[in-house]
Amino acid sequence: MAWDFSTEPEFEKKLDWMREFVREEIFPIETLDLTPEQYARITAPLKEQVKEQGLWAAHLPPELGGGGFGQVKLGLMHEILGQSKFAPGIFGNQAPDSGNAELLAIGGSPEQKEQWMHPLLRGELRSCFSMTEPGAGADPTLLTTRAVLEGDEYVINGHKWFSSNASRADFLIVMAVTDPDVSPYQGSSMIIVPTDTPGVNILRDIPVMDHSTVHPQLEGGHAEIIYDNVRVPKSNLVGNPGDGFKLAQQRLGPGRIHHAMRWLGQSKRAFDMLCERAVSRYAHGSVLADKQMIQDWVATSAAEMQAARLLTLQAAWTMDQVGASNSRNEIAMIKFWGAKILHDVIDRAIQIHGSLGFSGDLPLEQMYRAARAARIYDGPDEVHKATLAKRILRGYEAKDVPTEHVPTRAAAAQKKFAQYLDLATAND
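Per my numbering, residue 73 is the first one in the sequence shown, and the count goes up by one each step.
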């Protein structure tokens, strides 16, 4: 099947507008020390400009308040938005809200969409996806948080952590075990829990390596939460009982590729800084751009980024054609490969800047810490590699003799072409 990443001229104009908008209107915000109130005032008119361009919440179909662009176009858009951590929010598709909106779009009832999803899309509410536990991270079959149905209410008890954005969220989507007597893949469910529900105890935001030192007051944090006899209506169940794993995969698949798309923009920004430094810095008789080691960094980075870009677009195109559930190999591949390239390009950019690159006078140190986190969230590299390898290996059968064993192949070829070989011998 041929791949096609082409887009129409009208959309290319939208991308041009986005490039200038992000560079001229969003980049400057990064340098300001803002309170949440100041940030809201500055970004409100910017969000209106995005909406006027028809680019708000582009990850959802038009009937749900989004742009309906599809994954390939989203990839090209996120490549631009990924350059700044503020850009996704100003375009209405920041994590974890974008993934939660997609989850509610897939599994939510009409009432849930009206109460939670549409305000989320309009930017009136913030959300959190609360799944990870101290004993259940990369293996969610080990979840212990329970939700027991008592009359018309679910009673939730459990311990979660790294619940991103919980301390600023209006509601949480909690993954909990609703039926412990069946397979773990069929016994968990998603439940909407308003943050102010009695028994929701947000203990702290866990300090993490990539927590901003420049805008900590604007960060959502990664919360540790105790759910202590939390009661919510039965109607807060998303989808059906036992749909938790299915919904999680439908949510995390697009979320993972959106991360990879943003990494393209982030790595390109670091690459531009690397190249600018190379042609500007003079040392040991010439500019750094004349040094073969630096030339290797530039060439290697360019090739790796292009490979990551093509892998990402190919995964996006496959998702557009056959859906996320049938694109798991492509999504897993770009998740670990994109994270590696992001890290490596930023690392080279820091190295070429020396002490300046290591300092807070450039955005590279913050980018580097965030890049390291990319190899962990939404599943660590090792899990994606192992899962991908298992799927690939299912297509192969064990052989006592290797398929490409030359003596065996020669004997088969002798038999296949015997009449021709015999004729040639007789003619001799």
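Cβ atoms here follow ideal geometry from the backbone N, Cα and C, with glycine treated the same way.
According to the DSSP secondary-structure assignment, H330 is paired through a beta bridge with no residue. Positions of the beta strand (DSSP E) runs, each at least 3 residues long and wholly inside the stretch 141-204, are given as 199-202 in order along the chain. Under DSSP, the beta-bridge partners assigned to A219 are I228. The straight-line gap separating the alpha-carbon atoms of R420 and P474 is approximately 42 Å.
Cβ neighbours of F430 within its own chain (closer than 7 Å, five residues either side excluded): I422 and E437. Residue pairing of F243 in beta bridges, as defined by DSSP: S199 and P266. When secondary structure is reduced to three states using DSSP, W128 falls in the coil class, being assigned neither helix nor strand. Below 8 Å, enough C-beta pairs join the stretch 228-237 and the stretch 291-298 to call them touching: three or more. Here A241 is buried, its C-beta having at least 16 other C-beta atoms within 10 Å. 8 Å or more divides the Cβ of G154 from the Cβ of G195. V370 sits in a helix when the DSSP states are folded into three classes. Contact between W389 and W75 holds: their C-beta atoms lie close to 5 Å from each other, under 8 Å. In the same chain as D251, and ignoring 5 residues on each side of it, the C-beta atoms closer than 7 Å to its own belong to G259, P313 and G314, in chain order. With a contact defined as Cβ atoms closer than 8 Å, I263 and V246 qualify at about 5 Å. Judged by DSSP secondary structure, D453 falls within the alpha helix (DSSP H) whose first and last residues are D453 to L465.
In its chain, beyond the 5 residues on either side, E151 and L336 have a beta carbon closer than 8 Å to the beta carbon of R381. A distance below 6 Å between beta-carbons, with the five flanking residues on each side excluded, links N398 to no residue of its chain. For L127, the closest alpha carbon among the candidates I162, R95 and E469 is that of I162.
Comparing alpha carbon positions, the residue from A116, V254, A361 and S170 closest to L324 is S170. The beta carbons of E402 and K306 sit no closer together than 8 Å. Under the DSSP assignment, L275 falls in the beta strand (DSSP E) whose first and last residues are V272 to D277.
Under the 10 Å beta carbon count, I464 is surrounded by fewer than 16 other beta carbons and is classified as exposed. Taking a C-beta distance under 8 Å as the contact criterion, A248 and T217 qualify as a contact pair.
Residues of the same chain with their beta carbon placed closer than 7 Å to that of A375 are lacking, with the five preceding and five following residues left out of the count. DSSP, reduced to helix, strand and coil, places E296 within a strand of the structure shown. Residue G410 holds the alpha-carbon nearest to the alpha-carbon of Q386 among G410, V455, E82 and L319.
Burial of K86 is indicated by the presence of at least 16 other C-beta atoms within 10 angstroms of its C-beta. Between A130 and L146, the gap from beta carbon to beta carbon is short of 8 Å. Between S156 and the set V310, H415 and I101, the nearest pair of CA atoms involves I101.
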